[in-house]
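Novice: Each residue of the sequence shown is one higher than the one before, starting from 7 at the first, in the working numbering.
Backbone N, C-alpha and C define an ideal beta-carbon position, used for all residues, glycine too.
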Amino acid sequence: MFRFRKNCYADVRIEKRFETRISIRDGNLEECRTPHSERAFLRLYDGKMWYYTSTSDAENVQNELDQLYAAAQDADVSDDPAVRAFEVHQAEQIRFADCSVADVSVEDKIRLLRRAAEAAASAGAEVRMVMASYIDRHSDYRFYSSKGADIKYDFQTCGINCSFALAEGEKSLQNAYQTSDIRFSDLAAKDIETEIREDIAENIRFMKYAKPVQPGEYPVILSPLVAGVFAHESFGHKSEADFMIGDEAMKREWTLGTKVGSDILSIYDSGKEFGSGYVPFDDEGTEAHKTYLIKNGVLSGRLHSAATAAELGESPTGNARAVSCDFEPIVRMTNTVIDPGTLTKEQLFSGVEHGYFIKDLKHGSGMSTFTIAPAICYEIEDGKIGAPVRISVITGSVFETLRLVDGLSDRTELFSFVTGGCGKMEQYPLNVGFGGPYVRVSKMKVQ
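(1) Give me whichever residues DSSP pairs with residue 297 in a beta bridge.
(2) What separation, rounded to the nearest whole angstrom, lies between the Cα atoms of residue 356 and residue 376?
(3) For the structure I just gave you, are there three or more beta carbon pairs, one from the segment 262-277 and one from the segment 332-342, closer than 8 Å?
(4) Given residue 371, which residues of its chain have a CB within under 6 Å of its CB, disregarding the five upstream and five downstream residues?
(5) According to DSSP, simplified to helix, strand and coil, what is residue 424?
(6) Could you give the uninterrupted runs of the alpha helix (DSSP H) lying entirely in the segment 183-271, keeping only those of 4 residues or more?
(7) Rounded to whole angstroms, how far is the Cβ of residue 17 from the Cβ of residue 150, which I believe are closer than 8 Å?
(8) Taking a contact to mean a Cβ-Cβ separation below 8 Å, would you say residue 94 touches residue 51 in this structure?
(9) Assign residue 365 to one of two classes, buried (16 or more other C-beta atoms within 10 Å of its C-beta) or exposed (fewer than that).
(10) Using 10 angstroms around the beta-carbon of residue 369, count the other beta-carbons present and answer buried if the total reaches 16, otherwise exposed.
(11) Report the CB separation of residue 19 from residue 46 in whole angstroms; it is logged as a contact under 8 Å.
(12) Please report the distance separating the alpha-carbon of residue 56 from that of residue 81.
(13) DSSP three-state label for residue 146, please.
(14) What is the residue span of the beta strand (DSSP E) that residue 24 lies within?
(15) Taking only heavy atoms of the ligand PLP into account, decide whether any of them is closer than 7 Å to the Cβ of residue 417.
(16) Taking the DSSP output, what are the residues bridged to residue 95?
(17) Please name the residue in 394, 156 and 409 whose C-alpha comes closest to that of residue 97.
(18) Using only CA atoms, which one of 174, 426, 166 and 25 lies nearest to residue 125?
(19) Per DSSP, which residues does residue 47 bridge with? Please list them.
(20) What are the boundary residues of the beta strand (DSSP E) that residue 290 is part of?
(21) Does the beta-carbon distance from residue 197 to residue 163 come in below 8 Å?
(22) Of the residues 358, 248 and 405, which one's Cα is nearest the Cα of residue 267?
(23) Under 8 Å, do residue 415 and residue 347 count as touching if we go by C-beta distance?
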């Protein structure tokens with residue numbers, strides 16, 4: 007495909023992307039765009055430094071590659087540890103050619119979105135504003151390297167986000183319903199109207215009847231969504247190996263084999279699973295791996311690019327990713343998931359005499375210390391879900407909380423989203439997925 011020269015390492019990554027963005031505010035169509043783009047990102051390594059360029063001229067990639075060669079020094083990098091770490095695959099994994107969202111008419115997408123918007127607007131007298139958005143994306147990727155890699159795969163997602171504002175007297179609340187799928191036909195087949203009305207009805211009840219929490223330390227059960235965000239924000243980012251390069255204190259803290267969590271806790275990252283974190287090959291051509299970060303409470307792995315793997319004497323994991331062909335790949339998560347346990351949901355809740363259930367959240371963050379801002383929460387009394395309660399934040403030490411996990415339900419849910427994404431450095435938003443079972447923690451700080 008391209009004329010690579012000997013000695014220096016080089017690779018070429020090309021993405022052809024189709025997107026749709028439609029929005030309806032209070033019944034009025036505000037936006038309808040279907041942008042198309044094709045870009046290439048090129049890298050070259052001469053043993054001393056990396057050279058990069060990005061172009062939207064797909065017909066001129068060879069010329070861009072030749073210019074990188076002209077700027078670099080001629081050197082033999084075949085024994086360089088990072089170059090040796092690059093995998094070489096010839097593969098074609100085209101999953102969505104017969105169901106591409108690019109082939110669905112804009113009219114069908116608008117009709118689906120209007121179903122959602124009208125359901126939200128009619129969900130109750132308390133509804134004051136509805137902003138409904140339909141978003142999709144189809145990407146065709148190609149990757150070539152001077153070592154002989156030749157990879158083609160595609161990625162697709164589509165979904166609806168419905169933000170709403172509620173008010174009654176002096177009480178108010180803002181939240182959002184979201185659903186997504188990898189095929190438009192499957193998305194359209196969902197009973198979106200019922201799901202939205204039920205979601206808004208729960209938010210209305212919460213707005214009217216939720217009482218403030220009494221701050222303290224309590225047993226807490228995290229929903230699969232909240233548990234997934236906790237795993238991503240509070241532990242997944244710490245597992246990205248580029249944070250450790252040059253940081254001896256973090257290397258010591260992050261020594262593989264260290265006991266960091268409860269015996270029942272296992273967390274992995276994998277790009278193999280369908281959803282918004284699906285990445286069969288990363289942006290360096292490494293095949294997706296299922297990497298256990300914690301296995302039975304023991305620190306068992308971390309996420310790598312070829313460079314970080316070579317630096318730490320480990321193997322690449324398929325986690326070198328870029329948000330687009332405007333950027334170089336850096337170490338990022340794909341799907342970060344907590345393994346299920348052995349308890350039914352009912353058994354898990356029955357183990358809490360008095361505590362709180364965190365069902366939904368606004369946002370979460372953290373490295374050594376985590377913070378989760380809940381949205382919808384409930385008391386747990388005598389093992390049963392009770393009255394709604396307003397909680398501003400739950401917080402604590404990541405490692406201490408991992409050790410206090412004392413129950414996991416027996417089913418894991420994986421969540422995909424079409425809005426937002428993961429941010430790191432200047433690269434945002436990157437599509438990721440996360441999930442887990444219901445997770446019981448024996449003690450968390452609640453405010």
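Specialist: Let me lay it out:
(1) As a working mapping, residue 297 is identified with position 291 in the sequence shown. DSSP, once it has assigned bridges, lists 275 as partnering residue 297.
(2) By 1-based counting over the sequence shown, the position of residue 356 is 350. By 1-based counting over the sequence shown, the position of residue 376 is 370. Rounded to the nearest angstrom, the two C-alpha atoms are 27 Å apart.
(3) yes
(4) Within the sequence shown, residue 371 is the residue found at index 365, counting from 1. Correct list, in chain order: 239 and 377.
(5) One-based indexing of the sequence shown puts residue 424 at position 418. If DSSP states are grouped into helix, strand and coil, residue 424 belongs with coil.
(6) 190-195, 198-215, 230-236 and 254-259
(7) Within the sequence shown, numbered from 1, the residue matching residue 17 stands at position 11. Within the sequence shown, numbered from 1, the residue matching residue 150 stands at position 144. With a beta-carbon spacing of about 7 Å, residue 17 and residue 150 fall inside the 8 Å limit used to define contacts.
(8) Indexing the sequence shown from 1 puts residue 94 at position 88. Indexing the sequence shown from 1 puts residue 51 at position 45. Result no, Cβ atoms of residue 94 and residue 51 do not sit closer than 8 Å.
(9) Looking up residue 365 in the sequence shown gives position 359. Its Cβ being crowded by 16 or more others within 10 Å, residue 365 is buried.
(10) Within the sequence shown, residue 369 is the residue found at index 363, counting from 1. It is exposed - the Cβ of residue 369 has fewer than 16 other Cβ atoms within 10 Å.
(11) Indexing the sequence shown from 1 puts residue 19 at position 13. Indexing the sequence shown from 1 puts residue 46 at position 40. Between residue 46 and residue 19 the Cβ distance is about 7 Å, and since that is below 8 Å, they are a contact.
(12) For the purposes of this step, residue 56 is taken as residue 50 along the sequence shown, with counting starting at 1. For the purposes of this step, residue 81 is taken as residue 75 along the sequence shown, with counting starting at 1. In this structure, the alpha-carbon of residue 56 lies about 13 Å from that of residue 81.
(13) Here residue 146 corresponds to residue number 140 of the sequence shown, with the count starting at 1. Strand.
(14) In the sequence shown, the residue the question calls residue 24 occupies position 18. Where residue 24 is concerned, the enclosing beta strand (DSSP E) stretches over 15-31.
(15) No copy of the ligand PLP occurs in the structure displayed, which carries no ligand at all.
(16) As a working note, residue 95 is residue 89 in the sequence shown. Beta-bridge pairing links residue 95 to no other residue.
(17) In the sequence shown, the residue the question calls residue 97 occupies position 91. For residue 97, the nearest C-alpha among the options comes from 156.
(18) Reading the sequence shown from its first residue, position 119 is the one you call residue 125. Among 174, 426, 166 and 25, the Cα nearest to that of residue 125 is on 166.
(19) Position 41 of the sequence shown, counted from the start, is the residue given in the question as residue 47. Paired residues: 19 and 60.
(20) The residue given as residue 290 occupies position 284 in the sequence shown. Premise fails: residue 290 is in no beta strand (DSSP E) and is neither H nor E.
(21) For the purposes of this step, residue 197 is identified with residue 191 of the sequence shown, where counting begins at 1. For the purposes of this step, residue 163 is identified with residue 157 of the sequence shown, where counting begins at 1. For residue 197 and residue 163, no; Cβs fall outside 8 Å.
(22) Start at 1 with the first residue of the sequence shown, and residue 267 comes out as number 261. Ranking 358, 248 and 405 by Cα distance to residue 267 puts 405 first.
(23) Stepping through the sequence shown from its first residue, residue 415 is reached at position 409. Stepping through the sequence shown from its first residue, residue 347 is reached at position 341. In contact: residue 415 and residue 347 (Cβ atoms closer than 8 Å).
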